[in-house]
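Numbering (the numbering used here), first residue to last: 7 to 477. By construction, the Cβ of each residue, glycine as well, lies at the ideal position given by its N, Cα and C atoms. The structure presented is a predicted model; accordingly, all values stated were derived computationally and were not measured. Following: one structure in structure tokens, then a few remarks.
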Amino acid sequence: MLTLDKLTSLCKRRGFIYPSSEIYDGFGAIYDYGPLGIELKNNIAKAWWKSMVQLRRDIVGLDSAIFMHPQVWVASGHTGAGFDEALIECRGCHNRIRADFLLMDKFGIDADKAPIDEINKILKDLRSQGKKVTCENCGSSDLAEAKRFNLLVKSNLGSPTDALSEENVVYLRAETCQGIYLNYKNIVDTMRVKIPFGVAQIGKSFRNEIVARQFIFRTREFEQMEMQYFVKPGDDDKYFEELKKLRYNWYLEYGISKENLKWHEHEKLAHYASAAYDIEYNFTAIGGFKELEGIHARGDWDLSQHTKHSGVKLDYFDEATNERFTPHVVETAAGLNRNVLAFMSDAYCEEEVDGEQRVVLKFDPRIAPMKVAILPLQKKPEALIEKSDEIWQNLAKNWMCDFDVAGSIGKRYRRQDEIGTPFCVTIDFDTIGQGDKKLKDTVTIRERDSMKQERIKIKDLVEYLEERLGD
């Protein structure tokens, strides 16, 4: 069974994910993606982009700025209580605790988004019943009352630090979708799009989480893959169901096991929403099914709010029906970091081979960080390395390829299994004509999952791999 210790150890040992600022004892809930982690993350993003933009004529892409006018976040509601969490501070050790986490973890009480007054009443009632409400860090029961904590990350962009105030504050964006709403009019005016149409974006967001935990599942700096689909009022349900099906099937297509996915319907809806579902993944290493992606029917709230606060009309004129209306929005919002965690978790496998344990990441080849490993049998003679380098250069034109000469061939196979490389190509003495002359200019290719090996001609390598690696 995959545990969090196993997962974090693998990520660090094999160059997927590192704790940020580790030489300074780390920086809470921030992570860096190593050489293999960035390849995996980019491949997942590429697969998402292909599905959502490249293969659709009705969706266009965008890359909006991280910094936006401060009024954006007033209009979106992020500066108000709706984007607050309830913070409890331990007077003993000054540990910060999210009240809803404490109430759920210790007492099974769902207080997510409950008003501060209600949370403090729940805490008071628990104490009056003789139940211990204590700090998870030091065990002290000397806890302050819950207070509001806004999740927006403030910056002093363009202002001296001592001039930072609510009047001139700017924020790092809390979600990527606001940039899409701000550019709605630009896209309608310049791209000849017709309702229904979507705008997709991949980018970083920032939230000042009180407690960010569970490895890369919840972090203060993260990436989102979002698509806002603009539809005619009344068509929300139709496109909501279509997008639910599209997004669920995408995970299946790229190798996520069906038994590890399920739908969660939101019982508490935002005042502007008519429906909200999450695709949940079974993150066994961090406690079971948790949100991977949300699909939400948001109505016309977003464009209406920005029209109200900016004074610029964000409506749509339908030439076919001679109607003018404010489009409704159906949203798909996935966490790219959570996708990395889900795909790694689902690919992780422990097997016994010839009495030894093999750890293998059985990624779909399209998202594997390295597609092919080039393995010279030995470091000498020089002809062996030269031929291996020639093969690497030819294959690297099409795919990310590793080149590994350290250790026995068996150990190198295990290393490549552990990082999920679909194919290993071994160059030996036969390849360079110093063994069986009949096998000159051939190599041994090994497939990761079956460990099956076969001998093929070097000139056939590209065609062989094209058939098996996909795009």
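Next on the checklist: Since GLY261 and PHE369 should fall inside the 8 Å C-beta cutoff, what is the C-beta to C-beta distance between them, to a whole number of angstroms?
Outcome noted: What you label residue 261 is simply residue 255 of the sequence shown in a count that begins at 1. What you label residue 369 is simply residue 363 of the sequence shown in a count that begins at 1. 7 Å between Cβ atoms; contact.
Next on the checklist: Does ALA276 come out as helix, strand or coil in the three-state DSSP assignment?
Outcome noted: Indexing the sequence shown from 1 puts residue 276 at position 270. Correct three-state label for ALA276: coil.
Checklist entry - Could you give the C-beta distance for ASP90 and ASP106, rounded to a whole number, given that I count them as a contact under 8 Å? => result Your numbering for residue 90 matches position 84 in the sequence shown. Your numbering for residue 106 matches position 100 in the sequence shown. No, ASP90 and ASP106 are not in contact; Cβ-Cβ is about 11 Å, not under 8 Å.
Item to check | Exposed unless 16 or more other CB atoms sit within 10 angstroms - verdict on TYR30 | outcome: The count along the sequence shown starts at 1 and reaches residue 30 at position 24. Exposed, because fewer than 16 other Cβ atoms sit within 10 Å of the Cβ of TYR30.
Checklist entry - Could you give the distance in angstroms between the alpha-carbon of ARG224 and the alpha-carbon of LEU381? => result In the sequence shown, residue 224 corresponds to position 218, counting from 1. In the sequence shown, residue 381 corresponds to position 375, counting from 1. C-alpha separation (whole angstroms): 38 Å.
Checklist entry - What distance in whole Å lies between the Cβ atoms of GLN230 and THR196, which are believed to be in contact at a cut-off of 8 Å? => result What you label residue 196 is simply residue 190 of the sequence shown in a count that begins at 1. What you label residue 230 is simply residue 224 of the sequence shown in a count that begins at 1. Rounded, the Cβ-Cβ distance is 24 Å, inconsistent with contact.
Next on the checklist: With DSSP as the reference, identify every bridge partner of GLU232, one or two as the case may be.
Outcome noted: As a first step, residue 232 is located in the sequence shown; it is residue number 226 there, counting from the start. GLU232 is bridged to GLN207 and ALA339.
Checklist entry - Can you find at least 3 beta carbon pairs, one from the stretch 438-450 and one from the stretch 403-414, that sit closer than 8 Å? => result no
Next on the checklist: I'd like the ranges of any alpha helix (DSSP H) spanning at least 4 consecutive residues and lying wholly in the stretch 38-112.
Outcome noted: Entirely contained in the stretch 38-112, the alpha helix (DSSP H) runs reaching 4 residues are, in chain order, 41-55 and 77-81.
Checklist entry - Where VAL237 and SER280 are concerned, what is the direct C-alpha to C-alpha distance, given to the nearest angstrom? => result To locate residue 237, count along the sequence shown from 1; it is residue 231. To locate residue 280, count along the sequence shown from 1; it is residue 274. If you take the alpha carbons of VAL237 and SER280, they lie about 14 Å apart.
Checklist entry - Going by the beta-carbon positions, is the gap between PHE246 and LEU347 smaller than 9 Å? => result Indexing the sequence shown from 1 puts residue 246 at position 240. Indexing the sequence shown from 1 puts residue 347 at position 341. Contact flag unset, no.
Checklist entry - Out of curiosity, what's the CA-to-CA distance linking PRO428 and ILE94? => result Locating residue 428 in the sequence shown gives position 422, counting from the first residue. Locating residue 94 in the sequence shown gives position 88, counting from the first residue. If I take the Cα positions, the gap works out to 48 Å.
Checklist entry - At what residues does the beta strand (DSSP E) containing ARG330 begin and finish? => result In the sequence shown, residue 330 corresponds to position 324, counting from 1. For ARG330, the enclosing beta strand (DSSP E) has its first and last residue at 329-331.
Checklist entry - With 16 as the cutoff for other CB atoms within 10 Å, does ASN288 come out buried or exposed? => result As a position in the sequence shown, residue 288 is number 282, starting the count at 1. With 16 or more other Cβ atoms within 10 Å, it is buried.
Next on the checklist: For GLY34 and ILE44, what's the separation of their Cα atoms in angstroms?
Outcome noted: Indexing the sequence shown from 1 puts residue 34 at position 28. Indexing the sequence shown from 1 puts residue 44 at position 38. About 20 Å.
Next on the checklist: At the level of alpha carbons, what is the spacing between ALA353 and LEU13?
Outcome noted: Locating residue 353 in the sequence shown gives position 347, where the first residue counts as 1. Locating residue 13 in the sequence shown gives position 7, where the first residue counts as 1. So the alpha carbons of these two residues sit roughly 11 Å apart.
Checklist entry - Between VAL80 and ALA303, what straight-line distance do the alpha-carbon atoms span, to the nearest angstrom? => result Against the sequence shown, residue 80 aligns to sequence position 74. Against the sequence shown, residue 303 aligns to sequence position 297. Each residue's alpha carbon lies about 21 Å from the other.
Checklist entry - Per DSSP, what kind of secondary structure is ASP408 in: helix, strand or coil? => result Looking up residue 408 in the sequence shown gives position 402. Looking at ASP408 - three-state DSSP - the assignment turns out to be strand.
Checklist entry - When DSSP labels each residue in this structure, what does SER456 get in the three-state scheme? => result By 1-based counting over the sequence shown, the position of residue 456 is 450. SER456 falls in the coil class under three-state DSSP.
Checklist entry - Is the Cβ-Cβ distance between ARG179 and LYS160 less than 9 Å? => result In the sequence shown, counting from the first residue as 1, residue 179 sits at position 173. In the sequence shown, counting from the first residue as 1, residue 160 sits at position 154. No.
Checklist entry - Thinking just about the alpha-carbon of each residue, which of GLU215, ARG213 and GLU232 is nearest to the one in VAL5? => result Lying before the first or after the last residue shown, residue 5 is absent from the chain, which here runs from 7 to 477.
Item to check | LEU367 versus ARG253: straight-line alpha-carbon distance, rounded | outcome: Your numbering for residue 367 matches position 361 in the sequence shown. Your numbering for residue 253 matches position 247 in the sequence shown. Answer to the nearest angstrom: the Cα atoms are 23 Å apart.
Next on the checklist: With a threshold of 6 Å on Cβ separation, who are the neighbours of ASN126 within its own chain once the five nearest residues in sequence on each side are excluded?
Outcome noted: To locate residue 126, count along the sequence shown from 1; it is residue 120. Same-chain partners within the cutoff: GLU151 and ALA152.
Item to check | Sheet register partners of SER146 (DSSP bridge) | outcome: As a position in the sequence shown, residue 146 is number 140, starting the count at 1. Answer is none; SER146 lacks a bridge partner.
Checklist entry - Whose C-beta lies closer than 8 Å to the C-beta of LEU275 among residues of the same chain, with five residues either side of it excluded? => result Within the sequence shown, residue 275 is the residue found at index 269, counting from 1. Excluding sequence neighbours, LEU275 sits near ALA281 and ALA282.
Checklist entry - Going by alpha carbons, who is nearest to TYR177 out of LEU108, LEU309 and LEU157? => result For this step, residue 177 is matched to residue 171 along the sequence shown. Minimum Cα distance to TYR177 is reached at LEU157.
Checklist entry - Excluding five sequence neighbours on each side, which residues of the same chain lie with their C-beta closer than 8 Å to the C-beta of LEU383? => result Numbered from its first residue, the sequence shown carries residue 383 at position 377. Correct list, in chain order: LEU390, ILE415, THR432, ILE433, ASP434 and PHE435.
Checklist entry - Is the CB-CB distance between HIS334 and GLY300 below 9 Å? => result Taking the first residue of the sequence shown as position 1, residue 334 is located at position 328. Taking the first residue of the sequence shown as position 1, residue 300 is located at position 294. Result no, Cβ atoms of HIS334 and GLY300 do not sit closer than 9 Å.
Checklist entry - Looking at C-alpha atoms only, which residue of GLU473, MET74, ALA51 and VAL175 is the closest neighbour of GLY67? => result Stepping through the sequence shown from its first residue, residue 67 is reached at position 61. Nearest Cα to GLY67 within the set GLU473, MET74, ALA51 and VAL175: ALA51.
Checklist entry - How many Å lie between ASN143 and ILE103 at the Cα? => result As a first step, residue 143 must be located in the sequence shown, where it is residue number 137. As a first step, residue 103 must be located in the sequence shown, where it is residue number 97. Approximately 9 Å, taken between the alpha carbons.
Checklist entry - Below 9 Å between beta carbons: does that hold for LEU46 and ALA374? => result Taking the first residue of the sequence shown as 1, we reach residue 46 at position 40. Taking the first residue of the sequence shown as 1, we reach residue 374 at position 368. Cβ distance < 9 Å, so LEU46 and ALA374 count as in contact.
Item to check | Status (buried if at least 16 other CB within 10 Å, exposed otherwise) for GLU124 | outcome: Position 118 of the sequence shown, counted from the first residue, corresponds to residue 124. GLU124 comes out exposed.
Checklist entry - For LYS403, does the three-state DSSP call read helix, strand or coil? => result Translated into positions along the sequence shown, residue 403 becomes position 397. Residue state, collapsed to three classes: coil.
Next on the checklist: Restricting to Cα atoms, I'd like to know which of PHE331, CYS141, ASN255 and ILE216 is closest to ASN97.
Outcome noted: Indexing the sequence shown from 1 puts residue 97 at position 91. According to the sequence displayed, residue 97 carries Arg and not Asn. Among PHE331, CYS141, ASN255 and ILE216, the Cα nearest to that of ARG97 is on CYS141.
Checklist entry - Can the beta-carbon of ARG364 be found closer than 9 Å to that of GLU356? => result Taking the sequence shown and counting its residues from 1, the one referred to as residue 364 is at position 358. Taking the sequence shown and counting its residues from 1, the one referred to as residue 356 is at position 350. Result yes, Cβ atoms of ARG364 and GLU356 sit closer than 9 Å.
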